[in-house]
Structure formats: C-alpha cells, structure tokens
Amino acid sequence: MSKPWKREENGETIVRSCAWSPPGCHPVGCGVQLHIKDGELVQIEGDPEHPVTRGALCPRCLAMKDVIYHKDRIKYPMKRAFEDRGKDKWERITLDEAFDILEEKTRYFTDTYGPESIVVFCGTGREATVYHNELTFMGFGSPNACYAQSGWSCYAPRVSSMAYLMGGGYPEIDYAARYPDRYEHPGWEAPKYIMLWGKDPLKSNADGLWGHAIVDLMKDYGTKLITVDPRVTWIGTKAEYNLQLRPGTDAAMALGILNVIINEDLYDHDAVEKWTYGFDELKERVQEYPTDKVAEITWVDEDLIIGAARAFATSKHSAIGWGLSVDQNPNGIQVGHALLSIMAITDNIDVPGGCTLGLPIDDDTNVDMIRRALEAETIDEATFSKRIGAEEYPFVCQLMSTNHPDSVLDTLETQEPYRLRMGVFQSSNVVGGAISAAQERWLEAMKTSFEFVAATELFQNPTTMALADLIFPLKTWVEHDTLVESHYGFNVAFNGACNKAIDVVEGVDDLEFMMKIGERMFPEYWKQFDGVDDYLAKVRLPSGYTWESFREEGIVQPEEIYRKAEKGLMRFDGEPGYMSQSGRIELWSHAYSQFGDDPLPYFIEPPRSPVSTPELFKKYPFVLTTGGRRYTSFHSEHRQIERLREIDAQPIVEINPNAAKRLGIENGDWVWIENEFGRVKQVAELTEGIDERVVHAHHGWWFPEQDGEEPNLFGFRQSNINVIMPHKEIGKLGFGDTFKCEICNIYKVTD
Amino acid sequence: MNGLLIDYNWCSGCHSCEIACKNEHDIPLGKWGIKVTEDGPWKLPNGEWHWTNVPIPTEICDLCSKRVSEGKEPSCVQHCQAKCMQFGPLEDLVKKAEKIGKKAVIFMP
Ligand code: SF4
Ligand code: SF4
Ligand code: SF4
Numbered sequence: 001m002s003k004p005w006k007r008e009e010n011g012e013t014i015v016r017s018c019a020w021s022p023p024g025c026h027p028v029g030c031g032v033q034l035h036i037k038d039g040e041l042v043q044i045e046g047d048p049e050h051p052v053t054r055g056a057l058c059p060r061c062l063a064m065k066d067v068i069y070h071k072d073r074i075k076y077p078m079k080r081a082f083e084d085r086g087k088d089k090w091e092r093i094t095l096d097e098a099f100d101i102l103e104e105k106t107r108y109f110t111d112t113y114g115p116e117s118i119v120v121f122c123g124t125g126r127e128a129t130v131y132h133n134e135l136t137f138m139g140f141g142s143p144n145a146c147y148a149q150s151g152w153s154c155y156a157p158r159v160s161s162m163a164y165l166m167g168g169g170y171p172e173i174d175y176a177a178r179y180p181d182r183y184e185h186p187g188w189e190a191p192k193y194i195m196l197w198g199k200d201p202l203k204s205n206a207d208g209l210w211g212h213a214i215v216d217l218m219k220d221y222g223t224k225l226i227t228v229d230p231r232v233t234w235i236g237t238k239a240e241y242n243l244q245l246r247p248g249t250d251a252a253m254a255l256g257i258l259n260v261i262i263n264e265d266l267y268d269h270d271a272v273e274k275w276t277y278g279f280d281e282l283k284e285r286v287q288e289y290p291t292d293k294v295a296e297i298t299w300v301d302e303d304l305i306i307g308a309a310r311a312f313a314t315s316k317h318s319a320i321g322w323g324l325s326v327d328q329n330p331n332g333i334q335v336g337h338a339l340l341s342i343m344a345i346t347d348n349i350d351v352p353g354g355c356t357l358g359l360p361i362d363d364d365t366n367v368d369m370i371r372r373a374l375e376a377e378t379i380d381e382a383t384f385s386k387r388i389g390a391e392e393y394p395f396v397c398q399l400m401s402t403n404h405p406d407s408v409l410d411t412l413e414t415q416e417p418y419r420l421r422m423g424v425f426q427s428s429n430v431v432g433g434a435i436s437a438a439q440e441r442w443l444e445a446m447k448t449s450f451e452f453v454a455a456t457e458l459f460q461n462p463t464t465m466a467l468a469d470l471i472f473p474l475k476t477w478v479e480h481d482t483l484v485e486s487h488y489g490f491n492v493a494f495n496g497a498c499n500k501a502i503d504v505v506e507g508v509d510d511l512e513f514m515m516k517i518g519e520r521m522f523p524e525y526w527k528q529f530d531g532v533d534d535y536l537a538k539v540r541l542p543s544g545y546t547w548e549s550f551r552e553e554g555i556v557q558p559e560e561i562y563r564k565a566e567k568g569l570m571r572f573d574g575e576p577g578y579m580s581q582s583g584r585i586e587l588w589s590h591a592y593s594q595f596g597d598d599p600l601p602y603f604i605e606p607p608r609s610p611v612s613t614p615e616l617f618k619k620y621p622f623v624l625t626t627g628g629r630r631y632t633s634f635h636s637e638h639r640q641i642e643r644l645r646e647i648d649a650q651p652i653v654e655i656n657p658n659a660a661k662r663l664g665i666e667n668g669d670w671v672w673i674e675n676e677f678g679r680v681k682q683v684a685e686l687t688e689g690i691d692e693r694v695v696h697a698h699h700g701w702w703f704p705e706q707d708g709e710e711p712n713l714f715g716f717r718q719s720n721i722n723v724i725m726p727h728k729e730i731g732k733l734g735f736g737d738t739f740k741c742e743i744c745n746i747y748k749v750t751d
Numbered sequence: 001m002n003g004l005l006i007d008y009n010w011c012s013g014c015h016s017c018e019i020a021c022k023n024e025h026d027i028p029l030g031k032w033g034i035k036v037t038e039d040g041p042w043k044l045p046n047g048e049w050h051w052t053n054v055p056i057p058t059e060i061c062d063l064c065s066k067r068v069s070e071g072k073e074p075s076c077v078q079h080c081q082a083k084c085m086q087f088g089p090l091e092d093l094v095k096k097a098e099k100i101g102k103k104a105v106i107f108m109p
C-alpha cells in the first residue's frame with residue numbers, strides 16, 4: 001500500500017479499511033477508502049490498491065452512508081417493560097445502565113437456574129459469528145451458543161466434513177488471492193474449469209471468496225465453467241455445461257460424475273494411491289449410480305452429465321466451488337463427501353489452478369475456544385455437557401461446540417430437559433430473518449420461555465420488536481477496529497485491517513459487547529486485555545503484529561504453499577499426509593462410520609419430493625427451492641435502505657413461463673406459495689431459467705415500512721418463505737435442512 | 001473526445017455502477033446517472049442461453065469530469081465489479097472494442 005491507513009487530503013481525512021460487518025456480509029474484506037469531514041462519513045470509495053478487489057465495491061458497501069445515517073437506526077441503548085413486549089415503547093438509557101441490567105439479569109438466571117438457562121443466538125455471515133462461542137462461554141458462562149438455522153445448515157456442514165474426512169483445511173477455488181501480484185504471479189495457473197455447485201458467488205461472495213474473480217478468470221484467463229444449479233444464473237449462461245438438476249438430488253449427481261470418472265479411468269492413479277483411503281469401496285459404490293439412472297433421478301440429460309464429468313476430469317487443473325446447497329440438504333454430508341472425492345481423485349486439491357487448501361484445524365477453532373474457557377474457569381465440563389442436543393447430535397455439536405438448533409426449538413416448546421429463560425441475540429433476526437425454519441413456532445416458543453431478552457442490533461426487526469427487553473445499538477464496520485479474515489480463518493486469502501473512522505451511536509461493536517460483559521462476569525480472565533486493540537493483538541492477529549503495526553500494513557497475505565500434504569504441513573506431527581484417522585483423504589470415512597452413518601457417499605430422496613411423496617406431490621406439484629441471493633441485500637438485511645430497495649423492491653418467486661401460463665399467472669402478479677405448513681405470498685417473475693416443475697422463492701423478507709408492533713411485526717408472515725419451511729427435517733447426523741428441496745403449490749392472490 | 005466502453009458480455013448486472021454514480025453526483029431516488037438494463041435468461045434458437053446486461057448512462061452523466069481532472073477513474077468504471085467498463089478517448093476505445101470483437105458498446109453521453 002503506497003499510502004498510510006489514515007491521511008489528510010483537501011480538508012478531508014481519508015481512512016483506508018477492509019470492509020466487513022455489521023451490517024452482515026461474509027468476510028470478504030473489500031478494500032475501501034472512507035472520506036471523513038468534520039467527523040462525518042461524506043464519501044465511500046473502493047480502494048484501487050487492494051490486491052483482491054482492486055477498487056471495486058458491491059452496491060451494499062456503496063450504500064453504507066445510507067445504513068450509518070438511516071433515520072431508523074438504533075442510536076442509543078433502550079429498555080422496554082416486559083408487559084410492553086411487541087409494542088414500540090422504548091425508554092432511552094445509558095450504556096452503563098444497559099450493562100448494569102444485563103449483568104444483573106445474567107447473575108440472576110445463572111444463580112437461580114444455572115448458566116445453561118441462558119441461550120446466545122448469532123446471525124449468519126457477520127463478525128459476531130467469530131466471537132459467538134467465546135461470548136457465550138466466556139462472557140455469559142453459558143454452554144448454549146445457538147445458530148438458529150435448522151440443521152446448522154450453513155458452512156458448518158462443509159467445514160465439519162472436511163475436518164472428519166481430512167483433518168481440516170477448507171478447499172476453495174484458486175483465484176490467486178494470496179499473491180500480492182495476483183494473476184501475474186509466476187507459478188500460478190488459472191483453473192481450466194470451475195465447477196460451481198449450487199453457488200452464485202458473484203452475488204454471495206460466500207465465505208469470503210470474492211465472487212467476481214470468476215469473471216476475471218473467464219474473461220482474461222480462459223477458465224471455462226460448469227454449473228450445477230436448478231437455476232441458470234447469469235454466470236451460468238456463460239457455462240459450457242449447465243447441469244440444471246432437480247433440487248435436492250445433488251448427491252446422485254455427484255455420484256454419477258464419480259461413476260464416469262472412475263469407470264472411464266479418468267482419475268489420477270498417483271493421487272489416489274498416495275493420498276486417498278477407500279478407493280476400491282468407493283469404486284464399488286458408484287456402480288450403483290450409472291449415468292442413465294442418475295439422469296432419471298436428477299432430470300439432467302445423461303450426455304450432459306457424462307460430458308461435464310469428462311471435461312472436468314481431463315482438464316488439469318480445475319476447481320470446484322461448492323455452495324450453500326451442499327449444506328441445505330438432509331443428504332448434504334454425502335454431497336460434500338462426494339465432491340471432495342471428485343477433487344481428490346482428480347488431483348485437484350492443493351494445486352495451482354485447483355482448489356487451495358487452508359491449514360489443518362488449529363488453535364483458532366471452536367474446539368480450542370472451549371478449552372480456553374475451561375482453563376479460565378468461566379464454564380466447567382458439567383455445564384458444557386448440558387448444551388441442548390449435544391448428546392443426540394455429537395457429529396454437529398462436538399466440532400462446532402454449539403448446541404443443536406432444532407433441539408433448541410424443541411426445548412423452548414417443551415421446557416425439556418430444562419427451561420431456557422434468558423435469550424441474547426447477537427444481531428440475529430430469528431423470528432423474521434433467513435435462517436430459522438417454522439418461524440411462527442420460534443416466535444411463540446420464545447415468547448413463552450424467555451423471561452428476559454437482550455439484543456444487539458442496527459435496526460428494529462421482527463425479533464427485537466417481539467421479544468427484546470433491552471437493546472444495545474451496534475456499531476457498523478465503519479465505526480470500530482477489527483480484523484477481517486476470509487473464510488473465517490479456515491482458508492485465509494488475506495488478513496485485513498478494518499479501521500474505525502467515525503463515531504455515530506452510543507453503542508457497542510461485537511467485540512466490545514463480549515469484552516464488557518466478560519469484564520463484569522469474569523474479570524479474572526478479561527482483565528488481561530487492555531481494550532479491543534490489545535485483545536486483537538493477543539488473540540486474533542497473525543503472530544508478531546500489534547494492532548498498530550498490523551493496520552499500518554493493512555493487508556497481510558499468508559504464503560501460498562501447494563501440495564502441503566507432501567511437505568508434512570497438513571499434520572501437526574510434520575508427517576506427510578492428512579490428519580484423518582487413516583492419514584489420507586477418506587473416500588471411505590472412519591469417522592462417519594463411527595458416528596453411525598454410511599462410510600461412503602449415497603443418495604437419498606428429499607423427505608418430500610415427486611418421488612418420495614407422490615400423493616402429496618399431486619397436491620403440491622412444484623419442487624420448491626429457496627434462498628438465491630440478490631446484490632442489494634444480505635439475506636434479511638438492507639430492507640430499509642431506500643437506494644437498494646428501489647432496485648429490488650419486492651420478494652420474488654421465479655416461475656417458468658409455461659407453468660405460469662397453465663396457472664393463469666402473469667409477470668408481476670402476487671402469488672401464494674403454499675405447502676402443508678402454510679402459505680406466503682411473493683411476486684411472480686417469469687423466467688425460462690428454471691424448469692417447469694420447479695419454482696424458486698427468495699428469502700429473508702420482512703417489511704420495515706410496515707407496522708412493527710404485534711401482531712404485524714413488520715409483516716414477516718406475509719412473505720418470509722421460512723414461515724413455511726419445516727422444523728427438524730435434518731440429516732441423520734444432525735446437519736442439513738430442506739430449504740432448497742421442498743414442494744409447494746402456487747396460485748394467484750385474488751383477495 | 002472521451003467516452004465509456006462497455007464489454008457487455010461480462011456485465012453481471014451487479015448495480016455497482018448505478019450506486020457509484022449516485023454517490024458521485026448525489027442523484028436522488030428514482031433518478032439515475034447510469035442504469036442497467038437486463039434481458040434474459042432465454043434460450044437462443046441454437047440452444048445457448050442469452051442473458052445480457054448493459055448499463056446505459058443518462059443525460060446526468062458528465063463522464064465524471066471532476067474525478068477525471070483529479071486523476072481518478074470515473075466512479076462507475078472504478079467500482080465495476082466485473083471490470084467491464086473503460087473510460088478514455090474515443091479513438092482508443094474503438095481500438096479496444098475491435099479487440100474485444102463482439103458485444104461491446106461505446107457511449108458518448
Ligand atoms: S461484498 Fe461485503 S464487504 Fe464487499 S463490498 Fe459487498 S458488502 Fe462490502
Ligand atoms: S462516468 Fe461518472 S457520471 Fe457517467 S455514469 Fe459513470 S459514474 Fe456516472
Ligand atoms: S458495475 Fe459493471 S458489472 Fe456491475 S452492473 Fe455496472 S457495468 Fe455491469
């Protein structure tokens with residue numbers, strides 16, 4: 001970086017930063033320059049010197065001023081009387097008073113009912129996720145960290161599979177992100193093919209992958225594309241192969257591709273021999289998935305499946321970008337396993353132009369977090385073992401160290417094995433957001449169970465309005481210092497400094513919130529840190545940096561080392577290989593077998609589908625997939641930002657024109673989307689990009705412009721697709737949900 | 001004379017140019033300095049997909065004369081996520097368009 005992180009220019013202070021959250025975003029760390037005048041943000045621009053984003057920004061950061069200075073932003077701490085829940089009746093208090101109340105309540109519930117009576121929620125893809133467990137174990141002393149997505153179905157299934165199958169190290173498309181000179185770097189190669197599997201990274205930038213890098217690679221470096229997606233995405237229209245599969249049949253598709261690669265002898269014998277375990281068993285298993293059968297299951301032409309498999313396997317090196325559809329599927333653990341198998345047997349792991357690999361799971365993880373908490377005695381083993389659902393779903397709860405989200409709803413409804421009495425929401429809109437299933441049930445159960453609720457938020461939303469007794473305003477990423485690490489640390493392209501530039505609200509950032517309640521509850525542990533900067537240096541920054549030296553550098557890219565398994569870098573003992581039980585990438589998994597699942601990948605039909613429930617499908621004759629992203633929102637956020645809302649004004653459901661014609665539906669009509677669990681309405685968008693038998697509903701809708709008070713709660717029941725997503729349709733080991741593979745009926749709204 | 005070259009095969013329709021321009025020129029709701037038009041997806045007679053986005057500058061566009069005089073790129077060009085916009089003298093842009101070969105357009109707003 002040619003200029004310091006902060007400089008004066010033409011009467012303005014210009015602060016260089018790497019953007020993150022709040023409001024929510026994945027840790028993409030896009031480079032920005034913030035223009036500050038008289039303490040106010042007057043302009044936000046991309047930073048042309050940022051090695052990955054090179055001056056570009058997405059519309060959400062470009063509209064950051066609108067977020068920061070929005071009239072509806074929560075600007076100071078507030079409390080509300082318990083009997084006024086659901087009403088817009090708040091009383092301003094000071095930050096100290098707010099922490100006094102929070103401390104008093106935490107002590108009361110801890111002393112009276114045990115710390116397990118407190119549950120801490122966290123939303124998806126935001127800074128708070130990094131501190132969620134730490135806040136829960138070391139701030140509140142509770143064992144119950146809850147990510148309320150049914151089946152914990154976001155990123156964790158992929159990360160956990162990798163941990164069990166190869167000892168960690170998340171694979172990501174090689175887009176030269178670790179090199180300061182990027183695509184010019186000697187030794188780097190562009191992927192020949194990228195297979196985007198249930199992923200639209202241009203919009204999602206999921207997990208911190210900067211999605212438009214796919215455009216760079218295709219436009220300037222000859223990369224070709226294979227997409228596996230029920231919808232044709234914009235980038236998918238440029239693909240050589242479009243496998244528009246029936247939602248939820250991903251495992252069959254992946255096994256069919258493996259069938260071609262193995263039976264046509266297109267795999268890399270050396271890689272299989274040296275670095276994989278269980279190839280013969282896998283070979284036997286894929287015989288159950290011949291391509292004609294897979295074509296029938298997935299609704300994709302057999303020729304396309306064979307063509308894509310051949311193209312991928314014979315083009316070294318190539319990469320798979322695997323998305324949320326791997327997670328949001330009760331069969332998802334098997335999908336992930338099959339995709340890892342494709343990468344492994346074609347020698348596309350940890351090679352230039354293939355998938356890069358993060359380092360093995362180290363002391364940055366959740367597992368380590370609980371060890372730290374036990375050492376600091378902020379929680380004890382007996383309390384930790386009380387987290388809801390941990391016994392039933394060890395595959396989920398051991399590595400994540402959280403409770404099981406669906407079991408939490410059961411507990412809230414039944415008060416078994418004990419009652420959860422205090423809820424803390426770390427910017428998570430569980431009631432009307434994007435992650436919980438059966439939202440009405442969550443709402444009712446939480447209203448009944450929680451005697452006290454505290455929340456940190458930027459804006460009021462259905463959750464805060466229905467439940468909160470105490471609110472802390474959250475600072476945005478422009479208002480606090482922090483570190484952004486792509487892939488939440490699992491495969492870091494760079495560590496970026498996010499620099500505080502302004503003060504706007506009387507509130508907290510996620511880190512301050514944790515440290516402040518921690519200092520009150522467990523001063524013995526927290527007194528070692530002299531503020532956030534000191535904490536960052538001691539716990540989070542790459543080693544050797546102070547906050548000041550780190551922010552001076554701005555961006556720290558770790559060295560890219562390929563073929564780490566050969567070099568002994570994927571094991572803590574320095575031996576070659578991986579940290580799985582066999583020391584190799586397990587195509588036949590010891591861990592899956594020990595947890596009680598099939599050690600090999602397999603396909604099962606979604607719980608409701610034309611095949612598994614043909615009678616029900618007559619009543620609900622469309623396969624329903626949900627949750628495609630838009631550029632203008634982060635899941636359920638940004639709905640009140642006028643300049644973004646004017647681009648995407650309404651919730652959209654995509655329908656094929658032929659299906660719409662049969663139903664008398666025209667473009668722009670409001671339609672009901674109905675299933676066994678209820679109905680919500682969205683606006684029909686007719687598109688050839690989706691099969692006649694499939695519809696795609698957008699997610700996370702609520703209406704900040706509507707009445708926020710009960711019973712309306714910003715109208716989330718009208719259009720939020722998660723209102724009709726079922727509770728606990730999870731996989732055998734506890735991961736997965738059916739958000740991407742349900743069924744429904746569609747008809748015009750007439751009243 | 002300067003213009004804007006769009007390599008519109010690669011315009012992803014991300015809307016960044018729209019907001020970037022609004023930021024630069026303080027353009028109110030409902031009005032635009034540049035607006036992305038979108039057509040697709042639909043299948044061409046040859047079975048391939050068509051989905052084309054083209055950002056079109058309005059009369060408000062002054063080719064970011066202030067930024068350009070400060071040595072910066074126009075706001076839309078800098079923030080474009082697909083890096084499919086270029087600014088410069090028309091004769092240079094024409095050469096670049098020829099090199100791109102197809103699906104390119106030059107605007108002189
Ligand atoms: S991807 Fe995230 S960090 Fe990057 S510009 Fe968009 S909102 Fe900002
Ligand atoms: S050149 Fe400047 S004024 Fe013209 S469209 Fe781009 S951002 Fe707007
Ligand atoms: S910023 Fe670039 S890619 Fe995005 S819509 Fe505008 S021209 Fe297209």
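If you read the sequences in order, they're chains A and V.
Residues in the first sequence are numbered consecutively from 1, following the working numbering.
Residues in the second sequence are numbered consecutively from 1, following the working numbering.
Glycine included, each C-beta is placed from N, C-alpha and C at the ideal position.
Closest residue to residue i among the options (Cα-Cα distance)
i: Cys154/A; options: Val272/A, Lys199/A, Lys475/A and Leu217/A; result: Lys199/A
i: Thr53/A; options: Ser401/A, Val32/A and Arg371/A; result: Val32/A
i: Pro115/A; options: Arg639/A, Gly336/A, Pro558/A and Arg419/A; result: Arg419/A
i: Lys500/A; options: Leu483/A, Gly332/A, Leu304/A and Leu663/A; result: Leu483/A
i: Ile320/A; options: Tyr602/A, Asp174/A, Thr249/A and Glu127/A; result: Asp174/A
i: Ser21/A; options: His185/A, Tyr488/A and Ile379/A; result: Tyr488/A
i: Phe279/A; options: Ser582/A, Val508/A, His35/A and Met195/A; result: Ser582/A
i: Pro191/A; options: His337/A, Ser407/A, Asp573/A and Ala313/A; result: Ala313/A
i: Asp100/A; options: Trp188/A, Met521/A, Ser315/A and Met570/A; result: Met521/A
i: Phe384/A; options: Ile118/A, Leu225/A, Ser609/A and Trp702/A; result: Ile118/A
i: Glu742/A; options: Ile724/A, Leu624/A and Ser636/A; result: Leu624/A
i: Lys274/A; options: Arg563/A, Tyr620/A and Tyr592/A; result: Arg563/A
Paired residues, beta bridge with residue i - DSSP
i: Asp39/V; result: Thr52/V
i: Lys87/A; result: BP columns for Lys87/A are empty, so no partner.
i: Lys34/V; result: Strictly speaking, residue 34/V in this sequence is Ile, with Lys absent from that position. Beta-bridge pairing links Ile34/V to Pro57/V.
Anticipated Cβ contact below 8 Å, residue i with residue j, distance rounded
i: Asn667/A; j: Glu685/A; result: 7 Å
i: Gln682/A; j: Ala697/A; result: 6 Å
i: Pro109/V; j: Pro57/V; result: 4 Å
i: Ala156/A; j: Met400/A; result: 6 Å
i: His132/A; j: Gln334/A; result: About 27 Å; that fails the 8 Å criterion.
i: Ile517/A; j: Leu102/A; result: 6 Å
i: Gly211/A; j: Pro201/A; result: 3 Å
i: Val120/A; j: Cys146/A; result: 7 Å
Closer than 7 Å: residue i CB and nearest ligand 3 heavy atom
i: His25/V; result: no
i: Ala63/A; result: no
i: Cys11/V; result: yes
i: His15/V; result: yes
i: Pro55/V; result: yes
i: Gln81/V; result: yes
i: Ile261/A; result: no
i: Met195/A; result: no
i: Val36/V; result: yes
i: Ile235/A; result: no
i: Met85/V; result: yes
i: Ile214/A; result: no
Partners in chain C for residue i, counting only beta-carbon separations shorter than 7 Å
i: Arg643/A; result: Going by chain labels, chain C is absent from the structure shown, which instead holds the protein chains A and V.
Any residue with its Cβ nearer than 5 Å to a heavy atom of ligand 1 should be included. What is that list in chain order?
Ala19/A, Cys25/A, Val28/A, Cys30/A, Leu57/A, Cys58/A, Arg60/A, Cys61/A and Asn205/A
Relative to ligand 2, what is the chain-ordered list of residues with a Cβ closer than 5 Å to any of its non-hydrogen atoms?
Cys21/V, Gly33/V, Ile34/V, Pro57/V, Cys61/V, Leu63/V, Cys64/V, Pro74/V, Ser75/V and Cys76/V
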